[in-house]
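Just so you know, the protein sequences line up as chains L and D, in that order. Heads up: the first sequence at position 294 corresponds to 291 in the working numbering, and the numbers run straight through without jumps. Heads up: the second sequence at position 256 corresponds to 253 in the working numbering, and the numbers run straight through without jumps. Structure, as structure tokens:
There are 2 protein chains.
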Amino acid sequence: MSKRRKASIEDVARRAKVSITTVSRVINRVPTVSRKNQVKVEEAIAALKYTPDVNAQRLARGLSNAVGLVMPGYPGIFHSFYAIELIRGVGHACETLRLDMVFHITNGYNPLSTAGVGGIIFADIIENRSQIEAAVEAGVSCMVINNIVDDLDVSYIGVDNIAGGRVATDYLVSLGHTKVAIITGNIRAQAGAQRLEGFKQTLKEKEVAVRPEYIVEGDYSRRSARLAAEQLLELPEPPTAIFAASDDMALEAMTVIMERGLRVPDDISVVGFDDNPSSIYGPVALTTIRQPLFQMAESAVRNLNAIVLGKKKPPIRNILSPQLVVRESCARPPIQ
Amino acid sequence: MSKRRKASIEDVARRAKVSITTVSRVINRVPTVSRKNQVKVEEAIAALKYTPDVNAQRLARGLSNAVGLVMPGYPGIFHSFYAIELIRGVGHACETLRLDMVFHITNGYNPLSTAGVGGIIFADIIENRSQIEAAVEAGVSCMVINNIVDDLDVSYIGVDNIAGGRVATDYLVSLGHTKVAIITGNIRAQAGAQRLEGFKQTLKEKEVAVRPEYIVEGDYSRRSARLAAEQLLELPEPPTAIFAASDDMALEAMTVIMERGLRVPDDISVVGFDDNPSSIYGPVALTTIRQPLFQMAESAVRNLNAIVLGKKKPPIRNILSPQLVVRESCARPPIQ
DNA sequence: TTAGTTTTTGAAAGGGTTTTCCTCGTCGAG
DNA sequence: CTCGACGAGGAAAACCCTTTCAAAAACTAA
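As structure tokens, this is what we get:
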């Protein structure tokens, strides 16, 4: 348990009897090193258990090979499929690109340290404009997921949430439903607000009444969905169809419905949002709106990386169309 | 949109007409700076929108002010309450300690870059010994959560999972149950295996038969719990009590039970593990074993930080007792 | 052998901070 | 007045690497 300091590139060079430069070349796989020196250096590295100092590398290269991910930390949201898929996607892309992901869970008010990252991804579930602005101001490249920010010089990738809301609602209406309700996501965040917007638009266009009591706010948590579903079912005239802004919420709504002795889809149709693979199982497979969260996150990292490396010019803006996935949780409304 | 390079400490010094040293002192709040210079420097910093280069700071200080968090990426596990609470806890502690959290989602086989972090936290849901060994080998301090590793020079904090399994099982048995089943977590990971171990131990001690068909493996996902619960209920002689190794699984098991027209706790008792706040809601509040995930994660960060700073000597080993939280999902078994 | 190429190599100049060690004043005590 | 102490500020070394540029070495062809 000697207090020896970590070996540096110089120690390796000395031991291998070559220059520091040569060692650096071996580390970075520059091909112009003779076989003989290559071996000597590798041996020295192994013997000294040398690993390059990442901070020194970053400093010397002027590049950080790290990307920031900032995400709000409110438990209800953080525990959602949505959030986790995004994290997974970013993590996966970072792994294949050999990038470090520095993950910042923010509570909105605290300052963001741009912490030497090449770029920052905002998984902007809740609005956190000021942080994005600060990052732009500080000159770091930004990429925001599932949130359209046109007035700032940032890139984004996301799904068309208005379209998503429309597709879901349109499907329900086309089945003949006129009493259709929505359990929204957090409506202070763009995604939640826009899905609701799509819902309203479609209802209006199809000349179906949009009743305020059919609009109840959730926060993507199962608990909020339970409360919302109960509220909906206790209405004097309960809806015959419910569009929930996430699969988890849809699943919970289904559970509540069945607890009351009603059937899905016979009595009430349910459509979700996400296409969470686990919503295929359960008593009835969930019809939903698919958004490729994992791929969006991966793509965000790739594009951001390309921007940082100067291979692409920002802003890159990419908005995808969500798709209806029909399974078993929707049917025509029951005849009165 | 000029291509100007980020301002450096030297630019600030020049503009404020002081030395680099003085600027550094202001940045680091060293008190020996005169009021006058202090102000000049602060003005220059503001004017130049200067922020210190984190990598240079880390290099010069020889300290990284970043902690690594490595966690397995298998979707079933990653989406669990368990994993997310741990992430939240680490994130929160990092935020208050002003540390960067570099989050590495591993698939087990890929090498871990120790990436210039001061220490690494292993949320060791699945065994990843080799990575821990590599980190120890590389000389970085390690802290593992919810996993006892006594043969390596690492610290850990966690709950006594055997005790947890015992408490749950004991409670069920004490209510009079003799047909008690378990839906395990991933049994290749220590937590899962130990909860099962506690279950078996208690049954043996209380002289209750441990029947192999009452032990079914889950992976913490709701889906696996559904499969497991169905399997259990279709047994010729179904259990009258089920211990699930996570609240999510317990909740799903409850749903399956109720879908079949059975009641909780009248027909079947259910106990979970975690004390996920959302399991209070639902048709019946869940009795569970509480483990303070968030606090454990926070504590892991604090202790690791203390070790890195040399304020504490490793290994720090802390194992907590999980506690039974009685709510409404358990009762005496039905009379035949 | 020689001149001309090509492949390998190394010295040294950064890269942006922190930190150690001085110096230069100023002030109070004697 | 002088000496010592103290407060404030700066020069330069250190941190560990990458990269540029030029030189050395090894070939190749004539």
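In this text, a Cβ means the ideal position worked out from N, Cα and C, and glycines have one as well.
- DSSP lists 67/L as the bridge partner or partners of residue 101/L.
- The beta-carbon of residue 223/D is placed less than 8 angstroms from the nearest beta-carbon of chain L.
- Interface annotation, residue 289/D: not in contact with chain L, CB-CB separation never under 8 angstroms.
- Look at the region 296 to 316 of chain L: it has no residue with a C-beta under 9 angstroms from a C-beta of chain D.
- Secondary structure of residue 268/L (DSSP, three-state): strand.
- In the DSSP secondary-structure assignment, residue 327/D is not bridged to any residue.
- Excluding five sequence positions before and after residue 265/L, the CB atoms of its chain that fall closer than 8 angstroms to its own CB belong to 235, 236, 237, 238, 239, 254, 259, given in chain order.
- Counting only the Cα atoms, residue 307/L lies some 24 angstroms from residue 317/L.
- Contact of residue 215/L with chain D is not assigned, every C-beta pair being separated by 8 angstroms or more.
- Listed along chain L is no residue with a C-beta nearer than 7 angstroms to that of residue 144/D; the closest approach is about 21 angstroms.
- When DSSP states are grouped into helix, strand and coil, residue 217/L belongs to the coil group.
- For a Cβ distance threshold of 7 angstroms, residue set 275 of chain D lies close to residue 219/L, ordered along the chain.
- In the three-state scheme derived from DSSP, where H, G and I count as helix and E and B as strand, residue 224/L is classed as helix.
- By the Cβ neighbour-count rule, residue 284/D is buried, with 16 or more other Cβ atoms within 10 Å of its own.
- Residue pairing by DSSP places residue 293/L in no beta bridge whatsoever.
- Contacts with chain D at 8 angstroms (Cβ-Cβ) do not include residue 64/L.
- With the criterion set as a beta carbon lying under 8 angstroms from some beta carbon of chain L, the members of the region 236 to 260 of chain D are 252, 255, 256, in sequence order.
- Within the region 3 to 47 of chain L, the runs of alpha helix (DSSP H) that reach at least 4 residues and sit entirely inside it are, in chain order, 6 to 13, 17 to 24, 32 to 45.
- When DSSP states are grouped into helix, strand and coil, residue 155/D belongs to the strand group.
- Distance from the CA of residue 196/D to the CA of residue 223/L, rounded to the nearest whole angstrom, comes to 32 angstroms.
- Apart from the 5 residues on each side of it in sequence, residue 329/D sits with its Cβ closer than 6 angstroms to the Cβ of 172, 173 in its chain, given in chain order.
- Uninterrupted beta strand (DSSP E) stretches at least 3 residues long and entirely within the region 149 to 205 of chain L occur at 152 to 156, 177 to 181, given in chain order.
- Excluding the 5 residues flanking it on each side, residue 167/D has same chain C-beta neighbours closer than 8 angstroms at 199, 203, in chain order.
- Relative to residue 39/D, the option among 228/D, 296/D, 19/D whose CA is nearest is 19/D.
- For residue 53/L, the enclosing alpha helix (DSSP H) starts and ends at 51 to 58.
- Three or more Cβ pairs closer than 8 angstroms define a contact, and the region 57 to 77 of chain L meets that threshold against the region 85 to 98 of chain L.
- Segment contact: the region 147 to 154 of chain L against the region 288 to 301 of chain L, three or more CB-CB distances shorter than 8 angstroms; contact assigned.
- Of the residues assessed, residue 29/L falls on the exposed side of the cut-off, its CB having fewer than 16 other CB atoms within 10 angstroms.
- Taking a Cβ-Cβ cut-off of 8 angstroms, the neighbours of residue 50/L in chain D comprise 56, 113, given in sequence order.
- Within the same chain, and ignoring the five residues on either side of residue 206/L in sequence, the residues whose Cβ sits closer than 8 angstroms to its Cβ are 175, 200.
- Our two residues, residue 162/D and residue 55/L, have alpha carbons roughly 47 angstroms apart in a direct line.
- The alpha-carbon of residue 209/D is positioned some 19 angstroms away from that of residue 250/D.
- 75, 76, 78, 81, 85: these are the residues of the region 74 to 85 of chain D whose beta carbon lies less than 7 angstroms from some beta carbon of chain L, given in chain order.
- If you check the CB distance, residue 4/D and residue 45/D come in under 8 angstroms.
- In the displayed model, residue 137/D falls within coil according to three-state DSSP, outside both helix and strand.
- In the DSSP assignment, residue 322/L falls outside any alpha helix (DSSP H) and lies within the beta strand (DSSP E) extending over 320 to 322.
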